[in-house]
Amino acid sequence: MKQYKDMICVTIVALFFFSLTMAAWVLPSGEFSHSERRKLAQLPELSYGAVKDGSFITEFESYTQDRFPLRDTFRTVKAFLAYYMFGQLDNNGIYMEDGYAAKLEYPLNEKSVNHAADRFEYIYKNFLADKNLNICLSIVPDKSYFLAKQNGYLCMDYEKLFTMMQERMNYAGYIDITGTLDITDYYKTDTHWRQEKLTDTAAKIAAGMGVTLSGKYTEKALDYPFYGVYYGQSSLLLPAETMYYLTNDILDGCKVTNHEKGTVGGIYDMDKAAGRDPYEMFLSGPLSLITIENPNCENDRELIVFRDSFGSSIAPLLVEGYSKVTLVDIRYLRADYLDKFIEFNDQDVLFLFSTLVLNNSETFT
Numbered sequence: 197m198k199q200y201k202d203m204i205c206v207t208i209v210a211l212f213f214f215s216l217t218m219a220a221w222v223l224p225s226g227e228f229s230h231s232e233r234r235k236l237a238q239l240p241e242l243s244y245g246a247v248k249d250g251s252f253i254t255e256f257e258s259y260t261q262d263r264f265p266l267r268d269t270f271r272t273v274k275a276f277l278a279y280y281m282f283g284q285l286d287n288n289g290i291y292m293e294d295g296y297a298a299k300l301e302y303p304l305n306e307k308s309v310n311h312a313a314d315r316f317e318y319i320y321k322n323f324l325a326d327k328n329l330n331i332c333l334s335i336v337p338d339k340s341y342f343l344a345k346q347n348g349y350l351c352m353d354y355e356k357l358f359t360m361m362q363e364r365m366n367y368a369g370y371i372d373i374t375g376t377l378d379i380t381d382y383y384k385t386d387t388h389w390r391q392e393k394l395t396d397t398a399a400k401i402a403a404g405m406g407v408t409l410s411g412k413y414t415e416k417a418l419d420y421p422f423y424g425v426y427y428g429q430s431s432l433l434l435p436a437e438t439m440y441y442l443t444n445d446i447l448d449g450c451k452v453t454n455h456e457k458g459t460v461g462g463i464y465d466m467d468k469a470a471g472r473d474p475y476e477m478f479l480s481g482p483l484s485l486i487t488i489e490n491p492n493c494e495n496d497r498e499l500i501v502f503r504d505s506f507g508s509s510i511a512p513l514l515v516e517g518y519s520k521v522t523l524v525d526i527r528y529l530r531a532d533y534l535d536k537f538i539e540f541n542d543q544d545v546l547f548l549f550s551t552l553v554l555n556n557s558e559t560f561t
């Protein structure tokens with residue numbers, strides 16, 4: 197009797213693995229993981245050189261992992277077991293606290309912070325020095341600034357990062373916005389901050405630049421549920437959020453030029469609001485060079501913002517005080533090309549970057 201039971205168990209296990217293997221080879225291979233917001237590995241080309249240098253095996257392993265049947269289901273099961281059965285504090289570097297998903301950002305990468313400061317200094321010396329410019333720096337804290345240390349998680353030394361950047365950028369006035377923010381100003385499932393919560397922060401930045409904002413907006417909600425980047429990375433079935441955006445007559449009248457594609461549009465890209473990452477609705481997402489023209493401005497002041505993705509949602513709230521706002525992302529535009537696109541003279545200049553990007557600045561060109 198025991199022999200039959202053993203045979204049945206072996207048969208069931210064999211059929212299970214056989215079914216998974218056949219499914220892996222028969223089912224179509226996707227190109228993009230919507231839950232993880234990344235491209236999936238594809239079947240590598242078989243060649244003698246690829247086999248010899250080992251790249252084929254490495255890429256093939258990634259390919260098989262990415263096309264594993266029921267991959268997202270197994271990832272969710274693993275995450276639940278890690279968090280709720282084995283008591284792990286994080287899963288794949290993502291932790292949950294007070295209903296917010298955040299990423300462990302530890303330790304402080306001083307080399308990266310200095311690299312960022314070096315690139316900013318290059319911009320200053322080559323394009324900004326000896327010009328009639330009002331230069332300021334502001335740093336956006338990531339969610340772990342409000343969650344990690346207070347709840348027993350490892351985190352970078354934020355105060356040291358702030359100090360390092362201020363000391364290295366002594367040519368720029370520092371605008372401290374940490375006191376205008378708390379964890380509720382961020383999405384629960386995403387990296388970014390919520391635009392509808394940023395009017396005080398925008399006012400603080402504007403005041404530091406010598407500009408006054410009215411802060412009067414109409415709040416509107418998207419019709420689409422928002423699942424942030426941590427929804428997929430955590431592998432937990434987190435509830436959807438509602439994304440809001442702010443508008444008024446001034447923002448409605450602005451003209452936004454995308455210099456990558458040579459197109460003209462508005463502050464909000466509603467096509468992207470219904471896409472893979474609704475946060476890209478703010479100024480059409482990660483673009484190297486954008487200009488916003490405000491024909492209803494009562495002055496001729498101009499603002500240049502060197503920024504990362506956090507700048508996409510707060511820049512529209514600064515537009516009221518300027519006739520023209522230029523946004524530059526040096527992760528996608530080489531710093532030594534800046535004078536080919538921008539004439540630096542008699543402007544406000546703001547360096548606005550998140551702690552996440554400063555601590556991982558290898559993408560700065």
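Under the working numbering, the first residue of the sequence shown carries the number 197, and numbering increases by one thereafter. Ideal Cβ placement from N, Cα and C applies to all residues, glycine included. In this text, all values refer to a predicted model and were calculated from it rather than measured experimentally.
Secondary structure at M405: coil, using DSSP grouped into helix, strand and coil. Rounded to whole angstroms, the separation of the alpha carbons of Q362 and E306 is 14 Å. With a cutoff of 8 Å on beta-carbon distance, L554 and V309 are scored as near each other. Straight through space, the alpha carbons of L329 and G449 are spaced by roughly 27 Å.
Annotated three-state conformation of M360 is helix, per DSSP.
In the structure shown, M292 adopts extended strand secondary structure according to DSSP, grouped into three states.
Counted as a single uninterrupted DSSP element, the beta strand (DSSP E) harbouring K416 occupies residues 414-422. Here the alpha carbon of I446 sits roughly 14 Å from the alpha carbon of E415.
The three-state secondary structure of L485, taken from DSSP, is strand. Membership of F316 in any beta strand (DSSP E) is not indicated; the residue belongs instead to the alpha helix (DSSP H) covering 306-319. DSSP lists I486, V501 as the beta-bridge partner residues of L523. Just so you know, the alpha carbons of S557 and A531 end up roughly 14 Å apart. Assigned with DSSP and collapsed to three states, T453 falls in strand. The three-state reading of DSSP puts Y244 in helix, counting H, G and I together. Here the C-alpha atom of D353 lies approximately 7 Å from the C-alpha atom of P303. The residue among Y382, L529, G517, L479 with its C-alpha nearest the C-alpha of L409 is G517. For F342, there is no enclosing beta strand (DSSP E); the residue is part of the alpha helix (DSSP H) that begins and ends at 340-343. Annotation: the continuous alpha helix (DSSP H) that includes S509 extends over 506-514. Under the three-state reduction of DSSP, Q543 is assigned to strand. Taking one beta carbon from each stretch, the region 340-356 and the region 290-300 have 3 or more pairs nearer than 8 Å; the two touch. Put simply, the region 500-514 touches the region 540-547. At least three CB pairs are less than 8 Å apart. Contact check between the region 429-436 and the region 448-468: fewer than three CB pairs, one atom from each, fall below 8 Å, which does not count as touching. For L333, the enclosing beta strand (DSSP E) has its first and last residue at 329-336. Of A399, G424, R390, the smallest CA-CA separation from A417 is found for R390. Taking a C-beta distance under 8 Å as the contact criterion, A297 and Y426 qualify as a contact pair. Contact between the region 330-339 and the region 355-373 is established, with three or more Cβ pairs separated by less than 8 Å. With respect to the C-alpha of F342, the residue from I371, G375, M365 having the closest C-alpha is G375.
Boundaries cannot be given for T374, as no beta strand (DSSP E) includes it and DSSP labels it neither H nor E.
DSSP places S430 within a helical segment (H, G or I) once states are collapsed to three. Cβ-Cβ distances below 6 Å link F478 to S508, S509 in the same chain, with the five nearest sequence neighbours on each side left out; the list follows chain order. Secondary structure at Y475: helix, using DSSP grouped into helix, strand and coil. Spanning the alpha carbons of I526 and Y244 requires a straight line of approximately 38 Å.
Beta-carbon to beta-carbon, G404 and G369 are separated by about 7 Å, close enough to satisfy the 8 Å threshold. Taking all protein chains in view, the Cβ of G250 is surrounded by fewer than 16 other Cβ atoms within 10 Å, so the residue is classified as exposed.
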